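Trainee: Let me begin by handing over the structure; questions about it come next.
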Amino acid sequence: MTEVRRSLGLAGAPNVRDMGGLPAGGGTVREGLLYRAPALGRLTDQDVTRLGRCGLTDLLDLRHGSEIDVAPPDRLPAGPQVAHIPIFDPAHPVFTYVSAVLLGHDLSAFVDLGTEGTPGAMLSIYRWFVSSPAARAGFATAMQRITDATGPMLYHCSAGKDRTGWLSAILLSALGADRDTIRADYLLTNEVSAAGNEAILAAMASRRGVDPELVRPVFVAAPEYLDEAFAEADREYGSMDAYLRVGLGLDEMALARLRGRLLGPAR
Numbered sequence: 001m002t003e004v005r006r007s008l009g010l011a012g013a014p015n016v017r018d019m020g021g022l023p024a025g026g027g028t029v030r031e032g033l034l035y036r037a038p039a040l041g042r043l044t045d046q047d048v049t050r051l052g053r054c055g056l057t058d059l060l061d062l063r064h065g066s067e068i069d070v071a072p073p074d075r076l077p078a079g080p081q082v083a084h085i086p087i088f089d090p091a092h093p094v095f096t097y098v099s100a101v102l103l104g105h106d107l108s109a110f111v112d113l114g115t116e117g118t119p120g121a122m123l124s125i126y127r128w129f130v131s132s133p134a135a136r137a138g139f140a141t142a143m144q145r146i147t148d149a150t151g152p153m154l155y156h157c158s159a160g161k162d163r164t165g166w167l168s169a170i171l172l173s174a175l176g177a178d179r180d181t182i183r184a185d186y187l188l189t190n191e192v193s194a195a196g197n198e199a200i201l202a203a204m205a206s207r208r209g210v211d212p213e214l215v216r217p218v219f220v221a222a223p224e225y226l227d228e229a230f231a232e233a234d235r236e237y238g239s240m241d242a243y244l245r246v247g248l249g250l251d252e253m254a255l256a257r258l259r260g261r262l263l264g265p266a267r
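Quick look at the structure:
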């Protein structure tokens, strides 16, 4: 399979990988044109050099300013034009809860969400990706920029699994990938991020006394999360295709341009 080759092998961001090589629309996604990633603030010098070899012309940062402010600045090679497309609602209780979990803050203010449980909060976020007008506008803008890019592009959020995961699902759906391919790409995050996630969970437990099992659902790419977003698209629009066309405004011309740029022959 192509999974090892797809990874860029960056020490400071193991979940940076090429979307190329995935089967879609009777062909395969072209290599070296589109990369999905987590935040890039912990790249080593060698990582930056390796990323520079990709020749990126564009980078999409899906984080809100409040997330960027508390994270190490992205370490980037020269070249890419950065566009900030925040897909985040700082007033939404689910987002503030998940942010508090990730930052190891006191969770006593989130009694209701704590009762619902972190998995329930994550399912709510994935429904929000589809149902929120603001989220749809953000994902539509990201898709337009991917379509219009003139060279290799990278997109990322914080962990590279939720907003980045749904954008990847949107993109692969638009390219004609089947659901199994989309799910496998989404779940690959668990494999490449497992060691780092366990280290973070252990540190949160030892330094802040946070129960790892409480916060673990925030760190994993669970198939039920992705399924919840697909189900919401079906509920709201009747199908994923209608979500793409009506919810995100991707008309036939835009989809044809996207496929023409990103799809190559079958292997």
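So the sequence shown is numbered by my numbering: it starts at 1 and just counts up by one. Where a beta carbon is used, it is the ideal one built from N, C-alpha and C, also for glycine. Values in this document were obtained by computation on a predicted structure and should not be read as measured data.
#1: Tell me which same chain residues have a C-beta within less than 8 Å of the C-beta of E228, skipping the five on either side of it?
#2: Beta-carbon separation of R63 and S158 under 7 Å?
#3: What would DSSP say about M153, mapped onto helix, strand or coil?
#4: Ends of the alpha helix (DSSP H) at G176?
#5: Over what stretch of residues does the alpha helix (DSSP H) that includes A134 continue unbroken?
#6: Based on Cα-Cα distance, which residue from T96, V82, Q81 lies nearest to F88?
#7: Cβ of A24 within 7 Å of Cβ of L172?
#8: When we look at the beta-carbon of V82 and count the other beta-carbons within 10 Å, is it buried (16 or more) or exposed?
#9: Does the beta-carbon distance from P152 to G52 come in below 7 Å?
#10: Does DSSP classify V94 as helix, strand or coil?
#11: Can you check DSSP and say which residues form a bridge with A71?
#12: Determine, using beta carbons only, whether P119 comes closer than 7 Å to chain B.
#13: Report the rounded CA-to-CA distance for R278 versus L258, giving the unit in angstroms.
#14: Starting from the N-terminal side, write out each stretch of the beta strand (DSSP E) that is 3 residues or longer and does not extend beyond the stretch 180-210.
#15: Should G288 go down as buried or exposed, given a rule of 16 or more other Cβ atoms within 10 Å for buried?
#16: With respect to the alpha helix (DSSP H) encompassing L255, which residues constitute its N-terminal and C-terminal limits?
#17: Can you tell me the Cα-Cα spacing of V70 and V215, whole angstroms?
#18: Using only the alpha-carbon positions, how far apart do T115 and A100 sit?
#19: Look at the alpha carbon of E236 and the alpha carbon of A137, and state the distance between them as a whole number of angstroms.
#20: Distance, Cα to Cα, G260 vs E252?
#21: Exposed or buried, which one is T164 when buried takes at least 16 other CB atoms within 10 Å?
#22: CB P72 to CB G41, shorter than 7 Å?
Mentor: So, to answer that:
#1: As a first step, residue 228 must be located in the sequence shown, where it is residue number 228. These residues qualify, in order along the chain: L123, Y126, R127.
#2: As a position in the sequence shown, residue 63 is number 63, starting the count at 1. As a position in the sequence shown, residue 158 is number 158, starting the count at 1. Their beta carbons are under 7 Å apart, which means R63 touches S158 by this criterion.
#3: Here residue 153 corresponds to residue number 153 of the sequence shown, with the count starting at 1. Reduced to three states, the DSSP call for M153 is strand.
#4: On the sequence shown, position 176 is the one that residue 176 refers to. If you look at G176, you'll find it isn't in any alpha helix (DSSP H); DSSP assigns it neither H nor E.
#5: Along the sequence shown, read from residue 1 onward, the residue named residue 134 stands at position 134. Looking at the DSSP string, the run of the alpha helix (DSSP H) that includes A134 is 133-148.
#6: As a working mapping, residue 88 is identified with position 88 in the sequence shown. Ranking T96, V82, Q81 by Cα distance to F88 puts T96 first.
#7: Counting from 1 along the sequence shown, the entry for residue 24 is found at position 24. Counting from 1 along the sequence shown, the entry for residue 172 is found at position 172. Result yes, Cβ atoms of A24 and L172 sit closer than 7 Å.
#8: Within the sequence shown, numbered from 1, the residue matching residue 82 stands at position 82. Exposed.
#9: To locate residue 152, count along the sequence shown from 1; it is residue 152. To locate residue 52, count along the sequence shown from 1; it is residue 52. For P152 and G52, no; Cβs fall outside 7 Å.
#10: To locate residue 94, count along the sequence shown from 1; it is residue 94. V94: helix per DSSP, three-state reduction.
#11: By one-based count along the sequence shown, residue 71 stands at place 71. Looking at the DSSP assignment, A71 forms no beta bridge with any residue, so it has no partner.
#12: Among the chains in the structure shown there is no chain B, since it carries only a single protein chain.
#13: Lying outside 1 to 267, the shown extent of the chain, residue 278 is not represented and no answer is given.
#14: none
#15: It is not possible to answer for residue 288, since the shown part of the chain is limited to 1 through 267.
#16: Within the sequence shown, the letter at position 255 stands for residue 255. Looking at the DSSP string, the run of the alpha helix (DSSP H) that includes L255 is 252-262.
#17: Working through the sequence shown from its first residue, we reach residue 70 at position 70. Working through the sequence shown from its first residue, we reach residue 215 at position 215. Computed Cα separation, rounded: 19 Å.
#18: By 1-based counting over the sequence shown, the position of residue 115 is 115. By 1-based counting over the sequence shown, the position of residue 100 is 100. At T115 the pLDDT is 47, less than 50, meaning the model places this residue with poor confidence and gives no usable figure here.
#19: The residue labelled residue 236 in the question sits at position 236 within the sequence shown. The residue labelled residue 137 in the question sits at position 137 within the sequence shown. When only Cα atoms are considered, E236 and A137 end up about 16 Å apart.
#20: Sequence index remark: in the sequence shown, residue 260 carries index 260 (1-based). Sequence index remark: in the sequence shown, residue 252 carries index 252 (1-based). Spanning the two alpha carbons is a distance of roughly 12 Å.
#21: On the sequence shown, position 164 is the one that residue 164 refers to. Its Cβ being crowded by 16 or more others within 10 Å, T164 is buried.
#22: Here residue 72 refers to the residue found at position 72 when the sequence shown is read from its first residue. Here residue 41 refers to the residue found at position 41 when the sequence shown is read from its first residue. Contact check for P72 against G41 passes: the beta carbons are separated by less than 7 Å.
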